[in-house]
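Enquirer:
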Amino acid sequence: MLKNLLTWLIIISAILYIFIIPDWPLGIKLIFKVIPMILIIWYAFLKLPKHRLFVHYAVIIGLVFSAIGDVTLHWFIVGLSAFLIAHVFYLIGFLTQWRTSFVRSITIVPFIIYSYILGNGILQSITDNTLVIPVMVYIIVITAMAWAAVMARNVYAIIGALLFVISDSILAWNMFVTNVPYSGIWIMTTYYSAQFLIAHSILYFNQQSD
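Quick note on my numbering: the sequence shown kicks off at 4 and runs consecutively.
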């Protein structure tokens, strides 16, 4: 019952932030921005199984650092660093659930191609050279995180990770390359969906990797 209520509260609070709050003062926007993440973290705690693995704690920590990133992204490097730490925890957690498979292994190829195209486009457009290395490192880490989710064979983690890549790709392209129509809606819709699915994936990491 509580999980269902939380799910609806997450949806409602996300809709409020995405469609109602955008023109409000920054302080109020930040509060409403982080509310869905706080609810998602609570939801993740309720999903924790009785027998817990490192991946369960890694996902929780990743969600917490993501929430920190939400309220600090106005200060770009600070927020980027928080999200980078979040992705590192997701990455390490997913790697502990590695399932060896040739078919899944070769999915690294499209990930590499995509990250190269994205990174190259951003690299050619960045005017502040101090951002080049942090942004490139971030692209590499989030790509590795998404591939690790594929290798972990958890469908919720996979979809969540891919949505996270989409969200951050739109954000970066809109920030550094060219204006993306309705970028705010696309970024936050995919972002909240990604975090919810990653939180939900906790329940399905219930055994050690093969």
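Built from N, CA and C at the ideal position, the CB exists for glycine as well.
Could you check if residue 171 is buried or exposed, using at least 16 other CB atoms within 10 Å of its CB as the buried criterion?
Expert: Within the sequence shown, residue 171 is the residue found at index 168, counting from 1. Buried: at least 16 other Cβ atoms inside 10 Å.
Enquirer: List in chain order: all unbroken alpha helix (DSSP H) runs of 4+ residues lying wholly within the segment 186-213.
Expert: 186-204
Enquirer: Helix, strand or coil: which one does DSSP assign to residue 183?
Expert: Here residue 183 refers to the residue found at position 180 when the sequence shown is read from its first residue. Residue 183: coil per DSSP, three-state reduction.
Enquirer: If distances are taken between C-alpha atoms only, which option among 12, 153, 18 comes closest to residue 106?
Expert: For this step, residue 106 is matched to residue 103 along the sequence shown. Answer by Cα proximity: 153.
Enquirer: Measuring alpha carbon to alpha carbon, tell me which residue in 30, 93, 67, 87 is nearest residue 58.
Expert: Within the sequence shown, residue 58 is the residue found at index 55, counting from 1. Of 30, 93, 67, 87, the residue nearest in Cα terms is 93.
Enquirer: Using a Cβ-Cβ distance under 8 Å, would residue 127 count as near chain E?
Expert: Going by chain labels, chain E is absent from the structure shown, which holds only one protein chain.
Enquirer: Take the Cβ of residue 127 as the centre, count every other Cβ of all protein chains shown within 10 Å, and call the residue buried at 16 or more, exposed below.
Expert: By one-based count along the sequence shown, residue 127 stands at place 124. Under this definition residue 127 is an exposed residue.
Enquirer: Among 122, 181, 158, 8, which residue has its Cα nearest to the Cα of residue 144?
Expert: Counted from its first residue, the sequence shown places residue 144 at position 141. Checking every option, the nearest Cα to that of residue 144 belongs to 122.
Enquirer: Exposed or buried, what is residue 150 when buried is set at 16 or more other beta-carbons lying within 10 Å of its beta-carbon?
Expert: Counting from 1 along the sequence shown, the entry for residue 150 is found at position 147. Its Cβ being crowded by 16 or more others within 10 Å, residue 150 is buried.
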